[in-house]
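Below you'll find the structure, written out as structure tokens, and then a few comments.
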Amino acid sequence: MPSDTLSYSQKVSEAAAFVREQTPTIPRVAIILGTGLGNLATHISPELTLPYAEIPHFPQSTALSHHGQLVIGTLEDVPVIAMQGRFHLYEGYPVMEAVLPVYVMQQLGAEILVVSNASGGVNPKYNGGDIMIMNSHINLMFRKHQALANDELIPPGSEQPGTLLYDRELIELALRTGRKEDWAIHEGCYVSLTGPNYETRSEYRMVRAIGGDVVGMSTVPEVLTAHSLNMRVLALSAVTNVAKPDALTETSAEEVVDIARLAEPKLTAIVTDLLKTL
Amino acid sequence: MLDLHDKIEDAVAEIKKQWDKTPHAGVILGTGLGSLVQEIEVDVAIDYGDIPHFPKSTAVSHAGRLVCGTLAGLPIVAMEGRMHMYEGYPLDMITLPVRVMKALGAELLVVSNACGGMNPNYRCGDIMVIEDHINLMGDNPLIGINDDRLGPRFPDMCEPYQQTLVDRALKIARKEDIVAHKGVFVAVAGPNLETRAEYRFLRTIGADVVGMSTVPEVIVAVHCGLRVVGFSIITDMCLPDALKPANVEEIIAVANEAEPRLTTLVKGVLAAENS
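From first to last, the protein sequence lines stand for chains A and B. Numbering of the first sequence is given in this note's numbering, commencing with residue 6 and proceeding in unit increments. Numbering of the second sequence is given in this note's numbering, commencing with residue 90 and proceeding in unit increments.
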């Protein structure tokens with residue numbers, strides 16, 4: 006059947022069926038590896054690596070430092086599925102295309118979503134290299150997310166969650182790892198904008214004034230999707246630099262990627278600690 | 090965005106057929122400010138309809154021509170009439186003329202608009218030199234696959250409006266005894282004017298004036314490496330505790346009245362480029 010005549014849920018099912026044909030593993034945890042954090046995938050004992058291009062209906066990844074493949078395997082003996090490379094709205098993907106992999110990972114069996122991102126800090130108490138565990142977000146992306154009310158995609162028998170988007174227990178676990186390892190770790194609010202330009206000084210001030218601690222260009226669409234599917238969500242933000250709007254200096258993509266790379270061991274430790282509890 | 094490169098070339102080729110100079114600056118004239126064009130020694134004025142891929146301008150009081158000529162001794166191209174997001178144009182189309190200006194050789198973008206003043210220290214008819222902006226349009230002209238020939242994937246926005254040009258414009262204003270402020274412009278899509286609660290919100294997040302244009306063009310100017318100077322004419326005051334219905338005719342009348350002052354500032358900034 007040509008793909009343009011398929012419904013969205015049929016596309017999700019076809020993509021999931023394609024993955025299932027290649028491996029019997031039922032992943033419990035889905036992991037989305039954001040900018041500069043892709044190497045967490047090297048800690049996974051892989052059973053299967055699928056480039057996005059081979060998976061039916063998957064969009065293609067174009068962003069800086071992203072590879073674009075699905076890795077299925079085990080991490081701390083827990084079956085996981087990881088997205089190495091993700092889809093940003095600034096690349097022009099409609100929300101429903103960008104979040105399709107989340108539906109697929111849930112349909113394959115994932116009950117927990119761990120998502121990471123690189124963000125710019127606006128909370129003056131933060132420093133570049135800190136980790137922030139998201140406990141809330143403000144969505145300033147102005148994009149429609151048609152399927153959140155689509156019953157077809159919600160697992161049968163489950164009620165709409167109506168609970169916190171960000172799982173309290175998972176937040177506590179992550180914070181505990183941070184204390185144990187003695188890092189600067191915060192919990193806070195992530196403000197999502199589409200980008201792709203970095204923010205003006207006035208926009209950083211706005212983000213701070215409305216209650217944001219960090220600002221970024223991703224994560225919120227995936228979190229909303231996972232939550233609508235009753236997945237428990239843990240979202241980790243690597244604070245790459247702290248914007249000081251009264252003395253703003255230039256931000257470059259390379260710099261952001263470099264600092265995000267320094268955060269990799271920390272995010273790896275949080276995720277492995279979490280998996281040990283499962 | 091990958092088709093933009095070819096569209097720019099098509100437009101540039103057509104303009105070059107009719108005008109062979111290299112502009113130093115591109116000028117975008119906002120609502121009620123189109124008669125600044127009368128100050129230009131015009132070589133040729135090209136209807137947008139005759140330039141490939143240029144959209145037609147439909148808003149009240151907008152003409153829709155690209156005027157090529159000389160202002161303050163500098164070769165310039167000026168957009169008489171601009172396109173707005175609320176007219177339904179996609180932002181990459183609205184901002185195409187900015188990329189064309191750059192491709193023609195311009196290094197400076199001068200933008201102007203009519204806006205609503207929210208800072209209570211401003212008065213109707215005052216000019217604000219734009220120091221910074223907040224994009225609340227819910228869209229961005231750079232969304233899509235980036236063409237690295239045109240600019241970087243993640244343009245920095247720490248100084249979209251060149252501070253030295255802001256200072257220069259304010260200095261000219263003081264010398265000419267023109268009331269001019271330095272402030273923050275917030276862009277919304279419109280087309281409805283804001284509610285009182287929205288004015289309070291926009292003021293709270295740090296804006297001095299609000300308008301429905303300019304920010305897409307400036308984002309693209311920064312993306313393609315143009316220096317930018319921006320002017321807002323405060324054509325009505327939007328004070329939420331004493332809000333009156335807005336009237337388009339009055340707004341345009343205020344803009345027309347303020348226009349000679351804006352012209353003085355624009356000519357002054359351009360003249361200083363020459364020295």
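Here a beta-carbon is modelled for each residue, glycine too, at the ideal position from N, C-alpha and C.
Quick one: which chain A residues come within Cβ less than 7 Å of residue i?
| i | result |
| --- | --- |
| residue 222(B) | 205 and 207 |
Helix, strand or coil, according to DSSP, for residue i in the structure here?
| i | result |
| --- | --- |
| residue 234(B) | coil |
| residue 194(A) | strand |
| residue 207(B) | coil |
| residue 329(B) | helix |
| residue 12(A) | coil |
| residue 84(A) | strand |
| residue 164(B) | strand |
| residue 335(B) | coil |
| residue 204(A) | coil |
| residue 149(B) | Reliability of the predicted coordinates at residue 149(B) is poor, the pLDDT of 49 falling under 50, and no value is obtained from them. |
| residue 112(A) | helix |
| residue 196(B) | coil |
| residue 124(B) | helix |
| residue 44(A) | helix |
| residue 177(B) | coil |
| residue 138(B) | helix |
| residue 357(B) | helix |
| residue 154(B) | strand |
| residue 92(A) | coil |
| residue 115(B) | strand |
| residue 18(A) | helix |
| residue 35(A) | strand |
| residue 296(B) | coil |
| residue 133(A) | coil |
Exposed or buried, which one is residue i when buried takes at least 16 other CB atoms within 10 Å?
| i | result |
| --- | --- |
| residue 314(B) | exposed |
| residue 31(A) | exposed |
| residue 117(B) | buried |
| residue 334(B) | exposed |
| residue 280(B) | exposed |
| residue 295(A) | No answer is possible for residue 295(A): the residues shown for chain A start at 6 and end at 283. |
| residue 222(B) | buried |
| residue 12(A) | exposed |
| residue 312(B) | buried |
| residue 256(A) | buried |
| residue 173(A) | exposed |
| residue 121(A) | buried |
| residue 118(A) | buried |
| residue 16(A) | buried |
| residue 50(A) | exposed |
| residue 271(A) | buried |
| residue 263(B) | exposed |
| residue 267(A) | exposed |
Would the C-beta of residue i count as close to the ligand SAH, meaning under 7 Å from any of its heavy atoms?
| i | result |
| --- | --- |
| residue 106(A) | Among the components of this structure there are no ligands whatsoever, and the ligand SAH is therefore not found. |
Just confirm the distance between the C-beta atoms of residue i and residue j, as a whole number of angstroms; I'd bet it's less than 8 Å.
| i | j | result |
| --- | --- | --- |
| residue 211(B) | residue 318(B) | Contact flag wrong, Cβ pair sits at about 19 Å. |
| residue 216(B) | residue 351(B) | 6 Å |
| residue 279(A) | residue 136(A) | Actually they are not in contact, since the Cβ atoms of residue 279(A) and residue 136(A) sit about 13 Å apart, beyond 8 Å. |
| residue 273(A) | residue 38(A) | Wrong, their Cβ atoms sit about 10 Å apart, outside the cutoff. |
| residue 196(A) | residue 220(A) | 5 Å |
| residue 153(B) | residue 136(B) | 7 Å |
| residue 52(A) | residue 28(A) | 6 Å |
| residue 146(A) | residue 198(A) | 6 Å |
| residue 213(B) | residue 324(B) | 7 Å |
| residue 206(A) | residue 327(B) | Wrong, their Cβ atoms sit about 23 Å apart, outside the cutoff. |
| residue 230(B) | residue 178(B) | Incorrect: roughly 11 Å between the Cβ atoms, too far for contact. |
| residue 276(B) | residue 226(B) | 5 Å |
| residue 168(B) | residue 141(B) | That belief does not hold up - the Cβ atoms of residue 168(B) and residue 141(B) are roughly 16 Å apart, past 8 Å. |
Could you tell me which chain B residues have their CB closer than 8 Å to the CB of residue i, listed as they occur along the chain?
| i | result |
| --- | --- |
| residue 201(A) | 229, 231, 232, 235, 242, 243 and 244 |
| residue 94(A) | 232 |
| residue 63(A) | Chain B residues near residue 63(A): none, gap ~16 Å exceeds 8 Å. |
| residue 210(A) | 294 and 295 |
| residue 23(A) | In chain order: nothing, as chain B lies at least about 25 Å away. |
Starting from the beta carbon of residue i, find every residue of chain B whose beta carbon is closer than 7 Å, and list them in chain order.
| i | result |
| --- | --- |
| residue 245(A) | Simply none; closest approach about 12 Å. |
| residue 97(A) | 232, 233 and 234 |
Against residue i, what residues of chain A qualify as contacts under a CB-to-CB distance less than 8 Å, listed in chain order?
| i | result |
| --- | --- |
| residue 247(B) | 203, 205, 206, 253, 254, 255 and 256 |
| residue 273(B) | 207 |
Starting from residue i, find everything on chain B with Cβ-Cβ shorter than 9 Å and list it in chain order.
| i | result |
| --- | --- |
| residue 217(A) | What residue 217(A) touches in chain B: nothing, since even the nearest Cβ is about 11 Å away. |
| residue 214(A) | 293, 294 and 295 |
Starting from residue i, find everything on chain A with Cβ-Cβ shorter than 9 Å and list it in chain order.
| i | result |
| --- | --- |
| residue 308(B) | 202 |
> In chain order, which continuous runs of the beta strand (DSSP E) of length 3 or greater are located wholly inside the region 214-287 of chain B?
Replying inline: DSSP runs (the beta strand (DSSP E)) wholly in the region 214-287 of chain B: 216-225 and 269-277.
> Which parts of the region 212-278 of chain A are runs of the beta strand (DSSP E), unbroken and 3 residues or longer, counting only runs that do not cross its ends?
Replying inline: Counting only runs of 3 or more, we get 219-221 and 237-247.
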